[in-house]
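The block underneath contains the structure these notes are about, expressed in structure tokens.
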Amino acid sequence: MKQTWRWFGPSDLVSIDDICQAGAHGVVSALHHVPSGAVWTSDEIARRHAEIATMKDGAPSGLTWDVVESLPVSESIKRQVGPWRDHIEAYKQSLRNLADSGIRIVCYNFMPVLDWTRTHLNWRLANGATCMRFDLTDFVAFDLFILNRAGAENDYPAGIVAEAKNRFAEMTDKRRAELERTVAFGLPGSVENLSLDDLRALLETYAAIDADTLRANLVAFLEEVVPVAREVGIRMCCHPDDPPFALLGLPRIMSTEDDYAFIMRAIDIAENGITLCSGSLGVRPENDLPGMMRRWGDRVHFIHLRNTKRESEGLPCSFHEAEHLDGDTNMVDLIEEILREEARRKAAGRADWNIPMRPDHGQDILDDLNRKGQPGYPAIGRLKGLAELRGVMMALSARFDLLGAQK
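Everything in the sequence shown is counted per the numbering used here, starting at 4 for the first residue and increasing by one.
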């Protein structure tokens with residue numbers, strides 16, 4: 004796997020120099036300042052390439068921009084309203100401009116309204132580290148008593164509603180405000196945060212959109228943009244829902260292997276692919292990540308290696324961001340399947356045999372605790388995760404070499 008690192012641009016507290024020292028070989032980035040639905044111009048794309056290629060002292064970094072994450076899909080496209088056709092044309096032009104610059108992989112998602120959703124951005128662990136967490140009771144308290152979403156109580160078991168009521172009554176004003184900010188945090192790297200009124204208005208726009216409608220809109224989007232991606236040599240890959248279950252009455256359509264199977268078969272060409280995020284998919288116990296890689300590996304274009312730990316049974320559930328080798332996903336088995344897929348691709352002569360991965364998220368440890376960086380993207384926590392994942396990769400690669408020699 005090509006080891007990459009997510010970078011949010013010049014405002015990111017983790018610098019290009021830091022990424023070089025972490026030992027990553029490529030960068031995952033996006034133009035977060037460009038509004039959703041607008042064209043990514045060649046000049047803006049070239050500027051980001053130059054920023055990635057240069058260290059603080061002007062020396063070349065040796066790093067390349069390998070993956071776009073994400074080229075956002077507008078809410079108009081997801082709902083097929085307003086200027087959605089113009090936004091699709093803008094998306095196509097952005098793909099052409101990215102391809103002209105050398106980009107070959109574009110990650111996107113089709114989550115309505117919110118990207119990843121958490122209730123805590125710095126939940127304290129027993130060892131003093133902090134992590135992101137989704138507490139179901141806190142989330143229900145937000146939905147019922149802060150957002151005051153109409154009919155929300157019907158979406159949860161009576162026991163959870165009663166527990167949430169008690170939890171909310173015990174919350175300080177500070178915690179209530181923190182919970183509101185955290186749930187409406189918005190896209191990673193985005194400068195846009197939603198107010199409660201913004202969130203209510205957006206939820207209302209989805210009142211008549213169920214999962215089947217949203218899925219049909221995704222297929223329609225892909226029918227338009229994937230042929231362009233194929234023409235210009237870009238592989239597109241959809242990120243799963245995070246968390247992978249319904250929230251706030253919104254449909255979720257990319258949460259399971261069956262969801263991916265539907266989309267892969269609907270647009271059955273190689274450029275329509277998967278971002279395999281072990282953390283998001285791993286929250287659902289029925290998602291077999293090594294098996295999914297084994298069955299759909301030829302359509303996996305980008306990999307997020309992170310781990311989550313479920314704290315409760317059933318779905319929806321509480322969970323937190325675990326250490327990379329210590330959650331509910333067997334990371335060793337998953338990495339072994341990824342390496343097998345790379346070996347198959349290499350033997351077949353595929354140019355894309357070296358699949359880019361990044362150590363996704365990470366716990367805040369050591370000086371991360373004082374830096375107040377992008378939530379979920381600490382420098383040292385991700386460095387630790389990358390080192391652990393790199394060790395597994397190297398050990399398994401050596402094993403594959405021995406097996407090859409025996410043959």
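Even glycine gets a Cβ: it sits at the ideal position worked out from N, Cα and C.
Relative to the alpha-carbon of residue i, which residue among the options has its alpha-carbon at the smallest distance?
i, options, result
"P359", "G376, K312, I341 and G131", "I341"
"M135", "R298, G282, M397 and S400", "G282"
"V164", "F148, D89 and I270", "F148"
"R121", "K81, C320 and D20", "C320"
"A264", "T208, N290, L253 and L251", "N290"
"R343", "W8, L253, G294 and K312", "G294"
"C240", "T216, L217 and D271", "D271"
"S449", "E207, T67, R184 and L279", "Residue 449 is absent from the model: the chain starts at 4 and stops at 410."
"S97", "E326, R298, I80 and L74", "L74"
"V186", "P230, W119, L221 and D336", "W119"
"R99", "F137, E234, A351 and G162", "E234"
"H123", "Y111, F142 and L117", "F142"
"E391", "R402, R361 and G162", "R361"
"H242", "P160, A93, N220 and V71", "V71"
"R88", "E47, A41, D331 and D21", "A41"
"K387", "L369, G376 and E226", "L369"
"E226", "A249, E260 and N275", "N275"
"P38", "D20, A93 and T67", "A93"
"F224", "S79, E47, A249 and I277", "S79"
"D158", "R127, L117 and A249", "A249"
Can you grab the Cα-Cα spacing for the pair residue i / residue j, in whole Å?
i, j, result
"D69", "D245", "23 Å"
"E345", "V109", "19 Å"
"D201", "R348", "46 Å"
"R302", "R107", "14 Å"
"M397", "V31", "22 Å"
"Y380", "N125", "11 Å"
"Q83", "S77", "10 Å"
"A155", "L217", "21 Å"
"H28", "A153", "48 Å"
"R9", "I55", "11 Å"
"E316", "P288", "9 Å"
"T311", "D329", "8 Å"
"P378", "A273", "33 Å"
"G85", "T208", "12 Å"
"D60", "T44", "27 Å"
"V194", "Q6", "Confidence at V194 is low in this model, with a pLDDT of 48, below 50, so its placement is unreliable and the value that follows should be read with caution. If I take the Cα positions, the gap works out to 27 Å."
"I256", "L318", "15 Å"
"M267", "G394", "32 Å"
"K177", "A129", "23 Å"
"N411", "L206", "Any property of residue 411 remains undetermined from this structure, which presents the chain solely from 4 to 410."
"P3", "A211", "As shown, the chain starts at 4 and ends at 410. That puts residue 3 outside it, with no answer to give."
"L182", "A401", "46 Å"
"I22", "A62", "14 Å"
"G192", "G376", "Note that G192 scores a pLDDT of 47, beneath 50, so its modelled location is shaky and nothing firm can be said."
"R50", "A33", "11 Å"
"D20", "T57", "9 Å"
"L279", "R298", "12 Å"
"I48", "Y111", "17 Å"
"T3", "E173", "In the structure displayed, the chain extends from 4 to 410; residue 3 sits before or after that span and is not available."
"D355", "N169", "53 Å"
"D46", "S14", "19 Å"
"F137", "I383", "22 Å"
Is the Cβ-Cβ distance between residue i and residue j less than 8 Å?
i, j, result
"R353", "H304", "no"
"R374", "L16", "yes"
"L251", "M296", "no"
"A204", "Q366", "no"
"H307", "D363", "yes"
"A167", "T140", "yes"
"R309", "H327", "yes"
"G236", "A102", "yes"
"I91", "V228", "yes"
"K95", "N220", "no"
"H35", "G12", "yes"
"E339", "L292", "no"
Am I right that residue i and residue j are in contact with their C-beta atoms under 8 Å? What's the rounded C-beta distance?
i, j, result
"F171", "A144", "4 Å"
"S18", "H52", "Not confirmed; about 16 Å, so no contact."
"V335", "R313", "Wrong, their Cβ atoms sit about 19 Å apart, outside the cutoff."
"M25", "L284", "Reading the sequence as shown, one finds Ala at residue 25 and not Met. At roughly 25 Å, the Cβ-Cβ gap does not stay under 8 Å, so A25 and L284 are not in contact."
"M4", "N357", "7 Å"
"A269", "V222", "5 Å"
"A214", "P254", "4 Å"
Checklist entry - Mind pulling the alpha helix (DSSP H) runs of 4 or more residues that sit fully within the stretch 245-310? => result 260-269, 281-285 and 292-299
Next on the checklist: Extract the residue ranges of the beta strand (DSSP E) inside the stretch 68-154, only unbroken runs of 3 or more that lie entirely within it.
Outcome noted: 68-72, 108-111, 123-127 and 133-137
Checklist entry - Which runs of the beta strand (DSSP E) fall wholly inside the stretch 314-377 and span at least 3 residues, in chain order? => result 322-325 and 359-362
Checklist entry - Can you list the alpha helix (DSSP H) stretches of 4 or more residues lying completely in the stretch 199-233, in chain order? => result 199-208
Checklist entry - Fully enclosed by the stretch 158-190, which alpha helix (DSSP H) runs are 4 residues long or longer? => result 161-173 and 176-186
Checklist entry - Quick one: complete alpha helix (DSSP H) runs, 4+ long, within the stretch 5-41? => result 19-25
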